[in-house]
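Student: I have a structure I would like to understand better, so I am pasting it below and will then ask my questions one at a time.
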Amino acid sequence: MRVLVIGSGAREHALVLSLRRDPAVSALYAAPGNAGIAQHAQVRPVDPSSAEAVVALATELSADLVVIGPEVPLVLGVADAVRSAGIACFGPSAAAARIEGSKAFAKDVMAAAGVRTAHSEIVDNPAELDAALDRFGPTWVVKDDGLAAGKGVVVTGDRHAARDHGAELLEQGHPVLLESFLDGPEVSLFCLVDGETVVPLLPAQDHKRVGDGDTGPNTGGMGAYTPLPWLPEQTVTAIVEDVVKPVAAEMVRRGCPFSGLLYAGLAVGAAGPAVVEFNCRFGDPETQAVLALLDSPLGELLNATATGTLAEVAPPRWRDGSAITVVIAAENYPGRPRLGDVITGATEATQDDAAVLHAGTSLRDDGALVSSGGRVLSVVGVGADLSEARAKAYDRIASIKLPGSHYRTDIGLAAVEHRIAVPTQ
Ligand code: GLY
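Below is the structure:
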């Protein structure tokens, strides 16, 4: 099977590493990829959001399967174009990708499917903002009703900060979604979905705030770990049965069946799981940890999802133990990051239990590896338990140098120290 992965982040690097381990994958390409992905797949330039360009490249490469990593091409209908060209594609149609692309659409689907989620209201003019804020919070949850790579969300107890963010979004012409705050620890559950067939992967937890102790602004994710030792085993089954399957069935009923990776972001409170958001693709950085524990051939799972035969393949098998990933970010991220700094210590061969996955990296003309994005590297550690996985990742980080960079030192620490529990009534 000849596979083309679209995207250029550490998530796509993780997908490439897993696909490379699948004996059924005979040729592996990534576009546009990055300097790290280029060590494991043949990289080609492409504009991921151009359906025409992606189809032309997939055709030129005689790809049997195209795997689309990021949400923007999916929302723009790139998967539809690939399928129309007769090539199997892992990733939902534009109609189904609205589950991420429009929070209002997602809320409507959840209401129809009877799925628990936060109460929400859309505000589309400044005159309504103050009155709407009075009906919510504290804590206020103020979101951009569109794609914002995690950075469009402000969760705050400060009414001024909530108002300023809402006003700024409205000034930019973006409708604002206000939500009631959901209590309880957050869980990311990725499910392969093919119509009404739902196959969960391991549950993971992201760390969205930039600083240790969950301080500072929200980011696209600073680290993640899997599995979740504090999550009762039956909760994954409850999420699949009570959340993901009803939503998948509702999408089928609406004539926009979901095919690809449905990412349920949930808060697990005393009353059970409630949805914070759905995404229409693998999450970043959770994927880097989840795929590190996958023992089944990834190509087979993605191809079965893309070709409507997911129900016929064996469920994924997992390595014992834990995995974590820690994001190394450029100076000033999540603000405008400083770019072009030389990175050392990140290019050594990937080891099985401590991999360095690239996101915002590129090669300078003189061959030096330099930062070219806000989130630069994702370092993955795998161990017999979460403590060992943390030690492996942080040991590996110690050998990487990037001037001005920062990373969180507490990824997975609250779980190791038994400081996370699902609240009881
Ligand atoms: N982990 C956050 C995201 O992928 O959107």
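Residue numbers for the sequence shown follow my numbering, so the first one is 1 and each next one is one higher. Here a beta-carbon is modelled for each residue, glycine too, at the ideal position from N, C-alpha and C. Being a predicted model, the structure only gives us computed values, none of them experimental.
If you draw a straight line from the alpha carbon of Pro273 to that of Met110, how long is it in whole angstroms?
Tutor: The residue given as residue 273 occupies position 273 in the sequence shown. The residue given as residue 110 occupies position 110 in the sequence shown. Approximately 13 angstroms between the Cα atoms of the pair.
Student: Looking only at C-alpha atoms, which of Ala323, Gly374, Thr156, Ile420 sits nearest to Gly381?
Tutor: Your numbering for residue 381 matches position 381 in the sequence shown. The residue with the shortest Cα to Cα distance from Gly381 is Ala323.
Student: Among Ala204, Glu331, Glu286, Glu250, which has the Cα closest to the Cα of Thr235?
Tutor: Within the sequence shown, numbered from 1, the residue matching residue 235 stands at position 235. Thr235 has its Cα closest to that of Ala204, out of Ala204, Glu331, Glu286, Glu250.
Student: Could you check if Pro138 is buried or exposed, using at least 16 other CB atoms within 10 Å of its CB as the buried criterion?
Tutor: Within the sequence shown, numbered from 1, the residue matching residue 138 stands at position 138. By the 10 Å Cβ count, Pro138 comes out exposed.
Student: Inspect the CB distances between the segment 401-411 and the segment 359-368 and report whether three or more fall short of 8 angstroms.
Tutor: At 8 angstroms Cβ cutoff, the stretches do not touch.
Student: Within 10 angstroms of its Cβ, does Ser362 collect 16 or more other Cβ (buried), or is it exposed?
Tutor: Counting from 1 along the sequence shown, the entry for residue 362 is found at position 362. Its Cβ being crowded by 16 or more others within 10 Å, Ser362 is buried.
Student: Using DSSP with H/G/I as helix, E/B as strand and the rest coil, what is Lys103?
Tutor: Here residue 103 is taken as the residue at index 103 of the sequence shown, counted from 1. Reduced to three states, the DSSP call for Lys103 is helix.
Student: Assuming Tyr29 is part of the beta strand (DSSP E), what are its boundary residues?
Tutor: The residue given as residue 29 occupies position 29 in the sequence shown. First-last of the beta strand (DSSP E) with Tyr29: 27-32.
Student: Which residues mark the beginning and the end of the beta strand (DSSP E) in which Gly226 is found?
Tutor: The count along the sequence shown starts at 1 and reaches residue 226 at position 226. Sequence check: residue 226 is Thr here, not Gly. Taken as a continuous stretch (DSSP letters only), the beta strand (DSSP E) holding Thr226 covers 223-226.
Student: Going along the chain, which unbroken runs of the alpha helix (DSSP H) with 4 or more residues stay wholly within the segment 270-325?
Tutor: Fully enclosed alpha helix (DSSP H) runs of 4 or longer: 286-290, 298-306.
Student: For Arg338, which residues from the same chain have a beta carbon less than 8 angstroms from its beta carbon, with the 5 sequence-adjacent residues on both sides left out?
Tutor: Within the sequence shown, the letter at position 338 stands for residue 338. Here the set comprises Ala330, Glu331, Asn332, Ser371, Gly404.
Student: What is the DSSP secondary structure of Glu250, reduced to helix, strand or coil?
Tutor: As a working mapping, residue 250 is identified with position 250 in the sequence shown. In this structure, Glu250 counts as helix in the three-state DSSP scheme.
Student: By the three-class DSSP mapping on this structure, what secondary structure does Ile411 have?
Tutor: Here residue 411 is taken as the residue at index 411 of the sequence shown, counted from 1. DSSP places Ile411 in coil when its eight states are reduced to three.
Student: Enumerate, from N- to C-terminal direction, the unbroken alpha helix (DSSP H) stretches of 4 or more residues contained entirely within the segment 39-115.
Tutor: Listed in chain order, they are 51-60, 71-75, 78-84, 94-101, 103-113.
Student: Pairing CB atoms from the segment 36-47 with CB atoms from the segment 7-22, are three or more of them under 8 angstroms?
Tutor: The segment 36-47 vs the segment 7-22: in contact.
Student: Would Leu4 and Leu76 be called neighbours here (beta carbons separated by less than 8 angstroms)?
Tutor: Mapped onto the sequence shown, residue 4 falls at position 4. Mapped onto the sequence shown, residue 76 falls at position 76. Cβ distance not < 8 angstroms, so Leu4 and Leu76 don't count as in contact.
Student: May I ask whether a heavy atom of the ligand GLY can be found less than 7 angstroms away from the beta carbon of Asp206?
Tutor: Working through the sequence shown from its first residue, we reach residue 206 at position 206. The answer is yes for Asp206.
Student: Select from Ala97, Cys89, Gly91, Glu186 the residue whose C-alpha is nearest the C-alpha of Ala270.
Tutor: By 1-based counting over the sequence shown, the position of residue 270 is 270. It is Glu186 whose Cα lies nearest to the Cα of Ala270.
Student: What would DSSP say about Pro200, mapped onto helix, strand or coil?
Tutor: Position 200 of the sequence shown, counting from 1, holds the residue named residue 200. Pro200: strand per DSSP, three-state reduction.
Student: If you run the structure through DSSP and keep just helix, strand and coil, what is Arg209?
Tutor: Here the question's residue 209 lines up with position 209 in the sequence shown. If DSSP states are grouped into helix, strand and coil, Arg209 belongs with the strands.
Student: Going by C-alpha to C-alpha distance, which of Arg135, Ala162, Asp130, Glu128 sits closest to Val141?
Tutor: Here residue 141 is taken as the residue at index 141 of the sequence shown, counted from 1. The candidate whose alpha carbon is nearest that of Val141 is Ala162.
Student: Given Asp320, which residues of its chain have a CB within under 8 angstroms of its CB, disregarding the five upstream and five downstream residues?
Tutor: Position 320 of the sequence shown holds residue 320. If we look at Asp320 and ignore the five residues flanking it on each side, its Cβ neighbours are Ala384.
Student: Report yes or no: do the segment 21-32 and the segment 252-272 share at least 3 C-beta pairs separated by less than 8 angstroms?
Tutor: Counting Cβ pairs under 8 angstroms, fewer than three are found: no touch.
Student: Mapping DSSP to helix, strand and coil, what is Leu339?
Tutor: In the sequence shown, counting from the first residue as 1, residue 339 sits at position 339. In this structure, Leu339 counts as coil in the three-state DSSP scheme.
Student: In the DSSP assignment, the alpha helix (DSSP H) including Ala391 goes from what residue to what residue?
Tutor: Numbered from 1 along the sequence shown, position 391 holds the residue referred to as residue 391. It spans 386-398 - the alpha helix (DSSP H) in which Ala391 sits, taken as one unbroken run.
Student: Give me the residue from Val416, Leu192, Ile239 with the minimum Cα distance to Val427.
Tutor: Residue 427 cannot be examined here, being either before or after the span of the chain that is shown, 1 to 425.
Student: Can you find the residues in the same chain that come closer than 7 angstroms, C-beta to C-beta, to Gly340, ignoring five residues on each side of it along the sequence?
Tutor: Walking along the sequence shown from the start, residue 340 turns up at place 340. Closer than 7 angstroms at Cβ, skipping near neighbours: Val370, Ser371.
Student: Quick one: which unbroken beta strand (DSSP E) runs of 3-plus residues sit fully inside the segment 350-375? Chain order, please.
Tutor: Segments of the beta strand (DSSP E) lying fully in the segment 350-375: 354-358, 361-363, 369-371.
Student: If you run the structure through DSSP and keep just helix, strand and coil, what is Ala164?
Tutor: Counting from one through the sequence shown, the residue named residue 164 turns up at place 164. Note on identity: in this sequence residue 164 is Asp, with Ala being the wrong assignment. The answer is helix: DSSP assigns Asp164 an H, G or I state.
Student: Given the structure, does Glu286 come close to the ligand GLY, in the sense that its CB is under 7 angstroms from one of the ligand's heavy atoms?
Tutor: Counted from its first residue, the sequence shown places residue 286 at position 286. Within the cutoff, so yes.
Student: Compute the distance between the beta-carbons of Leu201 and Val290, then report whether it is under 8 angstroms.
Tutor: Here residue 201 refers to the residue found at position 201 when the sequence shown is read from its first residue. Here residue 290 refers to the residue found at position 290 when the sequence shown is read from its first residue. Result yes, Cβ atoms of Leu201 and Val290 sit closer than 8 angstroms.
Student: Measure the alpha-carbon distance for Asp22 versus His13 and round it to whole angstroms.
Tutor: Taking the first residue of the sequence shown as position 1, residue 22 is located at position 22. Taking the first residue of the sequence shown as position 1, residue 13 is located at position 13. If you take the alpha carbons of Asp22 and His13, they lie about 15 angstroms apart.
Student: If Leu129 sits next to Leu182, beta carbons under 8 angstroms apart, how far is it from one beta carbon to the other, in whole angstroms?
Tutor: To locate residue 129, count along the sequence shown from 1; it is residue 129. To locate residue 182, count along the sequence shown from 1; it is residue 182. Wrong, their Cβ atoms sit about 22 angstroms apart, outside the cutoff.
Student: I want to check one thing, is the minimum distance from the CB of Asn218 to the heavy atoms of the ligand GLY below 7 angstroms?
Tutor: Mapped onto the sequence shown, residue 218 falls at position 218. For the ligand GLY, not one heavy atom lies less than 7 angstroms from the Cβ of Asn218.
Student: Could you check where the beta strand (DSSP E) with Val187 kicks off and where it finishes?
Tutor: As a working note, residue 187 is residue 187 in the sequence shown. 186-194 is the extent of the beta strand (DSSP E) around Val187.
Student: Determine the burial state of Pro423: buried for a count of at least 16 other Cβ atoms within 10 Å of its Cβ, exposed for fewer.
Tutor: Your numbering for residue 423 matches position 423 in the sequence shown. It is exposed - the Cβ of Pro423 has fewer than 16 other Cβ atoms within 10 Å.
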